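**Student:** Residue numbers (numbering that gives the first Met the number 0): 0 to 377.
Here a beta-carbon is modelled for each residue, glycine too, at the ideal position from N, C-alpha and C.
These numbers were taken from a predicted model, which means no experiment stands behind them.
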Amino acid sequence: MKRLSLGSLTVLLLLLLWLGCSGNEPMTIGIVASLSGRTSQLGVSARNAVQLAVAEANEKGGVNGREIRLMVRDNQGDPDVCADAVSELTELGVEGIIGPLMSQMAAGVLDRIQEVPVVVISPTISADAYKDRDDFFFRLMPVASQEAKTMASVIAKDGYRRTAVVYDAANKAYTEPVFTLFKSTYEQNGGQVVYTNNLKGNTLHGNGEKPFGSIAEAILASKAEALYIISSGIDAAALTQQIRKRTTTIRFYGAYWVKTGNIIQRGGRSVEGLTIAAPFERKDKSAEYKAFAARHQKMFNTDPGFVAVYAYDATQVLLRAIGQSVGQGPEGIKNAILDHKTFNGLEEPFEINAYGDTIRSTMIMTVENGRFVRRGGQ
Numbered sequence: 000m001k002r003l004s005l006g007s008l009t010v011l012l013l014l015l016l017w018l019g020c021s022g023n024e025p026m027t028i029g030i031v032a033s034l035s036g037r038t039s040q041l042g043v044s045a046r047n048a049v050q051l052a053v054a055e056a057n058e059k060g061g062v063n064g065r066e067i068r069l070m071v072r073d074n075q076g077d078p079d080v081c082a083d084a085v086s087e088l089t090e091l092g093v094e095g096i097i098g099p100l101m102s103q104m105a106a107g108v109l110d111r112i113q114e115v116p117v118v119v120i121s122p123t124i125s126a127d128a129y130k131d132r133d134d135f136f137f138r139l140m141p142v143a144s145q146e147a148k149t150m151a152s153v154i155a156k157d158g159y160r161r162t163a164v165v166y167d168a169a170n171k172a173y174t175e176p177v178f179t180l181f182k183s184t185y186e187q188n189g190g191q192v193v194y195t196n197n198l199k200g201n202t203l204h205g206n207g208e209k210p211f212g213s214i215a216e217a218i219l220a221s222k223a224e225a226l227y228i229i230s231s232g233i234d235a236a237a238l239t240q241q242i243r244k245r246t247t248t249i250r251f252y253g254a255y256w257v258k259t260g261n262i263i264q265r266g267g268r269s270v271e272g273l274t275i276a277a278p279f280e281r282k283d284k285s286a287e288y289k290a291f292a293a294r295h296q297k298m299f300n301t302d303p304g305f306v307a308v309y310a311y312d313a314t315q316v317l318l319r320a321i322g323q324s325v326g327q328g329p330e331g332i333k334n335a336i337l338d339h340k341t342f343n344g345l346e347e348p349f350e351i352n353a354y355g356d357t358i359r360s361t362m363i364m365t366v367e368n369g370r371f372v373r374r375g376g377q
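1. Give me whichever residues DSSP pairs with residue 349 in a beta bridge.
2. Would you kindly work out how many angstroms separate the C-alpha atoms of residue 152 and residue 57, rounded to a whole number?
3. Could you tell me the distance, in whole angstroms, from the CA atom of residue 364 to the CA atom of residue 105?
4. Please state the DSSP three-state secondary structure of residue 192.
5. Determine the contact status of residue 30 and residue 69, defining contact as a CB-CB distance below 8 Å.
6. Work out the CA separation of residue 63 and residue 296 for me, nearest whole Å.
7. Pick helix, strand or coil for residue 253, following the three-state DSSP scheme.
8. From which residue to which residue does the beta strand (DSSP E) around residue 70 run?
9. Please classify residue 350: is it buried, with 16 or more other beta-carbons within 10 angstroms of its beta-carbon, or exposed?
10. So who's on the other strand from residue 367, going by DSSP bridges?
11. If you draw a straight line from the alpha carbon of residue 73 to that of residue 40, how long is it in whole angstroms?
12. Just how far apart, CA to CA, sit residue 372 and residue 305?
13. Would DSSP call residue 387 helix, strand or coil?
14. Taking the alpha-carbon positions, what's the residue 34 to residue 189 distance?
15. Tell me where the beta strand (DSSP E) around residue 155 begins and ends.
16. Identify, in the order they occur along the chain, each residue of the same chain with its Cβ nearer than 7 Å to the Cβ of residue 246, setting aside the five sequence neighbours on each side.
17. Using the rule of at least 16 other Cβ atoms within 10 Å of the residue's Cβ for burial, across every protein chain shown, is residue 261 buried or exposed?
18. At a cut of 8 Å, does the region 269–276 reach the region 252–259 through at least three beta carbon pairs?
19. Compare the Cα-Cα distances from residue 60 to each of 216, 50, 241 and 25 and report the closest residue.
20. Going by DSSP in three states, residue 125 sits in which element: helix, strand or coil?
21. Would DSSP call residue 375 helix, strand or coil?
22. Residue 164 lies in the alpha helix (DSSP H); which residues open and close that run?
23. In whole angstroms, what separates the C-alpha of residue 172 from that of residue 322?
24. Is it buried or exposed, residue 154, if we count other Cβ atoms within 10 angstroms and call 16 or more buried?
25. My output table needs one value for residue 265: the three-state DSSP class, helix, strand or coil.
26. Does the Cβ of residue 162 have 16 or more other Cβ atoms within 10 Å, making it buried, or fewer, making it exposed?
27. In chain order, what residues of the same chain lie with their CB nearer than 6 Å to the CB of residue 244, ignoring the 5 residues before and after it?
28. When the Cα atoms are used, what is the spatial distance from residue 125 to residue 103?
29. Please list the segments of the alpha helix (DSSP H) lying wholly inside the region 273–309, counting only runs of 4 or more residues, in order along the chain.
30. If distances are taken between C-alpha atoms only, which option among 326, 97, 101 and 50 comes closest to residue 37?
31. Check residue 41 in the structure and name its three-state DSSP category.
32. Classify residue 293: buried if its beta carbon has 16 or more other beta carbons within 10 angstroms, exposed otherwise.
33. Does the region 116–133 come close enough to the region 341–348 that 3 or more CB-CB pairs lie under 8 Å?
34. If you reduce the DSSP assignment to three classes, tell me which class residue 138 lands in.
35. Quick one: what's got a C-beta closer than 6 Å to residue 197's C-beta in the same chain, skipping five residues either side?
36. If we ignore side chains and look at the alpha-carbon of each, how far apart do residue 55 and residue 290 end up?
Right, dumping it as structure tokens:
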């Protein structure tokens, strides 16, 4: 047998040392969300939850012994900035990305991750335009058509035949299809949409303030019996307050998006009775949820909303898949998610189908005494 030279032994030892250490090198994931501007509250909620999930995972040894590092990028509510942020994180070698949160941000992202693959998991995007696609994009919110049809049926069954609709065209990838499907389903159920406003260009004094007082007047003039709002909780709260200054008879309904922006704190008594269709939420929270909520409160001095819950779940899905697909790249991470199919979320188990779309059950919730509660009989 030939003896190895001292130089060869040195090279061999260095190689073995490198191989032994490389498996414990830190790994990186990213989050891209709106952290500034009008919708920043969604982004901050998601970022906080992802930070919490990463901190918990690192306390348990990371992923296969590798410390997890988090890169945070603000998309500023701009689709182009969002797509560029995803490309930047991909070039920096992240193994997966959480976000974005709004449907309007997704189109450019999908183009980028088809060119240079990376798994992207959105906690909250639900636009039907992105369903049934075989790509690297996953989302944990059920498709928007589900809530549109549900709310049309609920309003009709509640006996309201004249409904006004206000939706935010700034997130038109989500709001416009929801409005269109709601309208057709509602009309099939015998209802009539008597007024619409997409909030586009509705600003006063050039400062971004929307003239909700004049919109409220127009809704009253239409003789609407109900109002369906497809917007953020911030805008929904402002609009309902203006309407309640003028009448107490119009019944309020909303898309799940309104359950953001501290709508109850902002809207106060004006949002009492507001009804929404929402993915299932436990009445009696699990031990896992309670532990998450307690730690979230301790770290961020606030209770987690649904955005935080879904962002935490999204991070768990991503980290699990990375751990099960070591060295297999984006394709391996994608397949690890698809193969697992069913995941235990904080609220309920949920299923991710072959196209990365999530299937969840739906419930009806109403604001009663300053809290969202299950509608009677559920």
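**Tutor:** With the given structure in hand:
1. In the DSSP output, where bridge partners are listed per residue, residue 349 has 342.
2. Approximately 46 Å between the Cα atoms of the pair.
3. Going by the C-alpha atoms only, they are around 28 Å apart.
4. Secondary structure at residue 192: strand, using DSSP grouped into helix, strand and coil.
5. Yes, they are a contact pair.
6. Distance between the alpha carbons of residue 296 and residue 63: 28 Å.
7. Secondary structure at residue 253: strand, using DSSP grouped into helix, strand and coil.
8. Residue 70: member of the beta strand (DSSP E) spanning 67–73, first to last residue.
9. The residue in question, residue 350, is exposed, as its Cβ has fewer than 16 Cβ neighbours within 10 Å.
10. Within the DSSP bridge table, the entry for residue 367 names 370 as partners.
11. It is roughly 12 Å from the alpha-carbon of residue 73 to the alpha-carbon of residue 40.
12. Residue 372 and residue 305: Cα-Cα distance of roughly 14 Å.
13. No answer is possible for residue 387: it lies beyond the span of the chain, which begins at 0 and ends at 377.
14. Their backbone Cα atoms lie some 42 Å apart in a straight line.
15. For residue 155, there is no enclosing beta strand (DSSP E); the enclosing alpha helix (DSSP H) has its first and last residue at 143–156.
16. For residue 246, where only same-chain residues beyond five positions count, the Cβ hits under 7 Å are 219.
17. The residue in question, residue 261, is exposed, as its Cβ has fewer than 16 Cβ neighbours within 10 Å.
18. The count of Cβ pairs closer than 8 Å, one atom from the region 269–276 and one from the region 252–259, reaches three, so the stretches are in contact.
19. The candidate whose alpha carbon is nearest that of residue 60 is 25.
20. Coil.
21. Coil, per DSSP.
22. Following the DSSP letters along the chain, one finds residue 164 in no alpha helix (DSSP H) but inside the beta strand (DSSP E) bounded by residues 161–166.
23. Roughly 33 Å between the two C-alpha positions.
24. Here residue 154 is buried, its C-beta having at least 16 other C-beta atoms within 10 Å.
25. Assigned with DSSP and collapsed to three states, residue 265 falls in helix.
26. Its Cβ being crowded by 16 or more others within 10 Å, residue 162 is buried.
27. Result list for residue 244: empty, nothing under 6 Å.
28. Straight-line Cα distance between these residues: approximately 10 Å.
29. As far as the region 273–309 is concerned, its whole alpha helix (DSSP H) runs of at least 4 residues are 286–299.
30. Selected option, being the one with the closest Cα: 101.
31. Residue state, collapsed to three classes: helix.
32. Exposed: under 16 other Cβ atoms inside 10 Å.
33. Remark: fewer than three beta-carbon pairs, one from each stretch, lie closer than 8 Å, so the region 341–348 and the region 116–133 are not flagged as touching.
34. In the three-state scheme derived from DSSP, where H, G and I count as helix and E and B as strand, residue 138 is classed as strand.
35. Contacts found: 166 and 168.
36. Cα to Cα, the separation comes out at about 11 Å.
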